[in-house]
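For reference, the structure is listed below as structure tokens.
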Amino acid sequence: MSCKIVVGAQWGDEGKGKIIDILSRDADIIARYQGGNNAGHTVVIGDEEFILHLIPSGILRKGKLCIIGNGVVIDPEALLSEINTLEKKGIKIDARLMISESAHVILPYHKVIDKRRGAKIGTTGRGIGPCYIDKMARCGIRMIDLMNPESLRKKIFANLEGSQEFNAEQIYKEYLEYGKKIKKYLANVSQVLNKAIAKKKNILFEGAQGALLDIDHGTYPYVTSSSATAGGASTGTGVGPTRIDEVIGVVKAYTTRVGEGPFPTEFEKGLMEKIRTKGKEFGATTGRPRRCGWFDAVIVKHSVAVNGLDEIVITKLDVLDEMDKIKICTGYKYQGKLYKDFPADIEVLEKCEPVYESCNGWMKDTTLVTKYKDLPENAKKYLGRLSKILNVKIGMVSVGSKREQAFKA
Ligand code: IMP
Numbered sequence: 003m004s005c006k007i008v009v010g011a012q013w014g015d016e017g018k019g020k021i022i023d024i025l026s027r028d029a030d031i032i033a034r035y036q037g038g039n040n041a042g043h044t045v046v047i048g049d050e051e052f053i054l055h056l057i058p059s060g061i062l063r064k065g066k067l068c069i070i071g072n073g074v075v076i077d078p079e080a081l082l083s084e085i086n087t088l089e090k091k092g093i094k095i096d097a098r099l100m101i102s103e104s105a106h107v108i109l110p111y112h113k114v115i116d117k118r119r120g121a122k123i124g125t126t127g128r129g130i131g132p133c134y135i136d137k138m139a140r141c142g143i144r145m146i147d148l149m150n151p152e153s154l155r156k157k158i159f160a161n162l163e164g165s166q167e168f169n170a171e172q173i174y175k176e177y178l179e180y181g182k183k184i185k186k187y188l189a190n191v192s193q194v195l196n197k198a199i200a201k202k203k204n205i206l207f208e209g210a211q212g213a214l215l216d217i218d219h220g221t222y223p224y225v226t227s228s229s230a231t232a233g234g235a236s237t238g239t240g241v242g243p244t245r246i247d248e249v250i251g252v253v254k255a256y257t258t259r260v261g262e263g264p265f266p267t268e269f270e271k272g273l274m275e276k277i278r279t280k281g282k283e284f285g286a287t288t289g290r291p292r293r294c295g296w297f298d299a300v301i302v303k304h305s306v307a308v309n310g311l312d313e314i315v316i317t318k319l320d321v322l323d324e325m326d327k328i329k330i331c332t333g334y335k336y337q338g339k340l341y342k343d344f345p346a347d348i349e350v351l352e353k354c355e356p357v358y359e360s361c362n363g364w365m366k367d368t369t370l371v372t373k374y375k376d377l378p379e380n381a382k383k384y385l386g387r388l389s390k391i392l393n394v395k396i397g398m399v400s401v402g403s404k405r406e407q408a409f410k411a
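The numbering used here puts the first residue of the sequence shown at 3, with every later residue one more than the last.
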């Protein structure tokens with residue numbers, strides 16, 4: 003049996019959906035542990051594309067149990083709509099989805115506040131941050147509260163006391179109805195997972211966003227409000243760290259980020275357009291164009307450390323197929339000082355000059371490659387160099403969006 007965590011090792015959008023889909027073939031249970039419907043995990047099966055926001059990507063594989071842990075924040079409307087969309091596509095959900103009774107609920111006021119205050123950070127506007135604020139302030143509403151009309155009413159009214167903007171009674175009635183529809187999915191997921199571990203089942207923990215968006219380890223304040231690093235899997239599901247066997251980081255062959263915040267290796271306009279178009283770099287949740295840049299080994303090294311990565315999966319290598327020179331950022335220069343390690347001071351990230359080393363490109367199509375040994379020599383050299391700088395093993399390489407376009411390294 004094994005318990006594996008898959009995390010994004012950059013600013014999210016590394017292609018976790020596809021990798022989780024591949025790894026979930028050997029898993030019995032797939033569990034989400036943080037974030038909410040700010041995530042967008044894309045899986046392509048045949049000619050069909052699925053974008054999952056809340057439900058673990060494992061739902062696309064028959065017979066797998068999918069769990070949404072206590073660390074996730076849930077917008078019931080978005081959840082029910084996602085279930086509905088999947089069912090319409092012929093995917094059976096009922097007995098295959100379990101949701102933590104302790105997961106916090108996103109309410110309409112969270113979304114309004116997020117849209118109002120989140121612009122500076124460029125949030126997804128899904129109410130994620132304000133929901134986690136209420137959780138930490140101990141006035142949040144949890145899934146289990148939706149099952150108890152009296153207490154739900156009291157809590158909503160207390161949170162909206164004095165508000166002219168929101169109609170507490172209407173929200174209460176709406177959320178009570180959601181509760182009725184969601185009741186069948188609720189469970190003590192920590193217990194379910196720990197029992198499954200005792201029975202030697204294989205469990206895959208599906209991280210959302212990425213390490214640099216983590217509330218503690220990311221480019222604060224330009225982060226999301228949850229623990230997107232591996233540690234979040236324990237707190238976000240109720241499975242102790244001693245039960246985890248392996249942590250895998252998903253790393254894009256270059257760098258992207260959505261929303262505001264420092265991005266030392268960001269491309270200038272021409273390259274930005276080229277890579278954005280070739281890599282289809284548009285947000286899976288909001289459709290926003292992603293910012294693109296060279297591979298930043300400083301941030302990924304930080305990610306290897308804070309996640310305790312055992313190995314990494316490199317995705318979207320094919321997007322670099324037409325680049326004659328490829329750069330890797332190995333440090334930052336700021337005010338006469340060379341930073342080789344991730345700096346906590348946001349000003350360094352904002353104003354630094356990246357230090358690059360240059361690799362020769364391969365100028366060949368890699369999308370049909372199915373074995374590592376068949377990659378062009380310069381592509382192998384690039385990957386070898388990344389592995390050396392990061393001091394971590396590359397376990398798998400992905401060269402396209404389809405399931406078949408990935409191989410062991
Ligand atoms: P929030 O998670 O909506 O609060 O947004 C905070 C920051 O995280 C913004 O910069 C978002 O663009 C970014 N973000 C949130 N979720 C994702 C994701 O799944 N992929 C990439 N960026 C994300």
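Using N, Cα and C, we set each Cβ at its ideal position, and we do this for glycine too.
Cβ separation of residue i and residue j, assumed to be a contact under 8 angstroms, to the nearest whole Å
{"i": "residue 110", "j": "residue 173", "result": "6 angstroms"}
{"i": "residue 316", "j": "residue 253", "result": "6 angstroms"}
{"i": "residue 69", "j": "residue 78", "result": "In fact, because the Cβ distance is near 17 angstroms, the residues do not count as touching under 8 angstroms."}
{"i": "residue 95", "j": "residue 85", "result": "5 angstroms"}
{"i": "residue 354", "j": "residue 329", "result": "15 angstroms between Cβ atoms; not a contact."}
{"i": "residue 34", "j": "residue 71", "result": "6 angstroms"}
{"i": "residue 67", "j": "residue 30", "result": "7 angstroms"}
{"i": "residue 11", "j": "residue 305", "result": "4 angstroms"}
Pairwise C-alpha distance: residue j and residue i
{"i": "residue 113", "j": "residue 61", "result": "27 angstroms"}
{"i": "residue 367", "j": "residue 323", "result": "6 angstroms"}
{"i": "residue 187", "j": "residue 371", "result": "41 angstroms"}
{"i": "residue 406", "j": "residue 115", "result": "42 angstroms"}
{"i": "residue 294", "j": "residue 266", "result": "11 angstroms"}
{"i": "residue 156", "j": "residue 141", "result": "11 angstroms"}
{"i": "residue 385", "j": "residue 190", "result": "42 angstroms"}
{"i": "residue 88", "j": "residue 359", "result": "45 angstroms"}
{"i": "residue 17", "j": "residue 309", "result": "17 angstroms"}
{"i": "residue 76", "j": "residue 389", "result": "37 angstroms"}
{"i": "residue 248", "j": "residue 4", "result": "8 angstroms"}
{"i": "residue 230", "j": "residue 278", "result": "24 angstroms"}
{"i": "residue 92", "j": "residue 351", "result": "46 angstroms"}
{"i": "residue 418", "j": "residue 242", "result": "Within the shown structure, residues of the chain are numbered from 3 to 411, placing residue 418 beyond reach of any answer."}
{"i": "residue 159", "j": "residue 165", "result": "9 angstroms"}
{"i": "residue 19", "j": "residue 338", "result": "41 angstroms"}
{"i": "residue 8", "j": "residue 397", "result": "12 angstroms"}
{"i": "residue 416", "j": "residue 117", "result": "Here the chain has residues from 3 to 411 only, and residue 416 is not among them."}
{"i": "residue 312", "j": "residue 395", "result": "7 angstroms"}
{"i": "residue 200", "j": "residue 271", "result": "53 angstroms"}
{"i": "residue 342", "j": "residue 51", "result": "39 angstroms"}
{"i": "residue 98", "j": "residue 269", "result": "43 angstroms"}
{"i": "residue 387", "j": "residue 345", "result": "23 angstroms"}
{"i": "residue 215", "j": "residue 39", "result": "15 angstroms"}
Residue nearest to residue i in terms of C-alpha spacing, selected from the options
{"i": "residue 263", "options": "165, 225 and 244", "result": "225"}
{"i": "residue 149", "options": "346, 179 and 356", "result": "179"}
{"i": "residue 237", "options": "73, 245 and 248", "result": "73"}
{"i": "residue 147", "options": "175, 285 and 272", "result": "175"}
{"i": "residue 410", "options": "377, 348 and 139", "result": "377"}
{"i": "residue 213", "options": "198, 201 and 235", "result": "235"}
{"i": "residue 285", "options": "7, 11, 5 and 15", "result": "15"}
{"i": "residue 326", "options": "138, 121, 380 and 56", "result": "380"}
{"i": "residue 106", "options": "98, 120 and 129", "result": "129"}
{"i": "residue 282", "options": "158, 399 and 44", "result": "44"}
{"i": "residue 362", "options": "383, 48 and 138", "result": "383"}
{"i": "residue 26", "options": "246, 38 and 204", "result": "204"}
{"i": "residue 177", "options": "154, 23 and 218", "result": "154"}
{"i": "residue 32", "options": "291, 124, 183 and 195", "result": "195"}
{"i": "residue 139", "options": "124, 192, 161 and 151", "result": "161"}
{"i": "residue 374", "options": "393, 320 and 183", "result": "320"}
Enclosing beta strand (DSSP E) for residue i [first to last residue]
{"i": "residue 206", "result": "205 to 208"}
{"i": "residue 293", "result": "293 to 295"}
{"i": "residue 43", "result": "43 to 47"}
{"i": "residue 355", "result": "355 to 362"}
{"i": "residue 99", "result": "99 to 102"}
{"i": "residue 257", "result": "257 to 259"}
{"i": "residue 11", "result": "It is not in any beta strand (DSSP E) - residue 11 carries neither H nor E in the DSSP assignment."}
{"i": "residue 134", "result": "Careful: residue 134 lies outside any beta strand (DSSP E), inside the alpha helix (DSSP H) at 130 to 138."}
{"i": "residue 333", "result": "327 to 336"}
{"i": "residue 315", "result": "313 to 317"}
{"i": "residue 249", "result": "248 to 254"}
{"i": "residue 408", "result": "408 to 410"}
Residue interval of the alpha helix (DSSP H) (run including residue i)
{"i": "residue 195", "result": "191 to 200"}
{"i": "residue 177", "result": "170 to 184"}
{"i": "residue 234", "result": "233 to 237"}
{"i": "residue 114", "result": "110 to 119"}
{"i": "residue 148", "result": "First-last for residue 148: undefined, no H or E at that position."}
{"i": "residue 384", "result": "379 to 392"}
{"i": "residue 85", "result": "78 to 90"}
Distance cut-off 7 angstroms: residue i Cβ against heavy atoms of the ligand MG
{"i": "residue 108", "result": "You won't find the ligand MG in this model; what it holds is the ligand IMP."}
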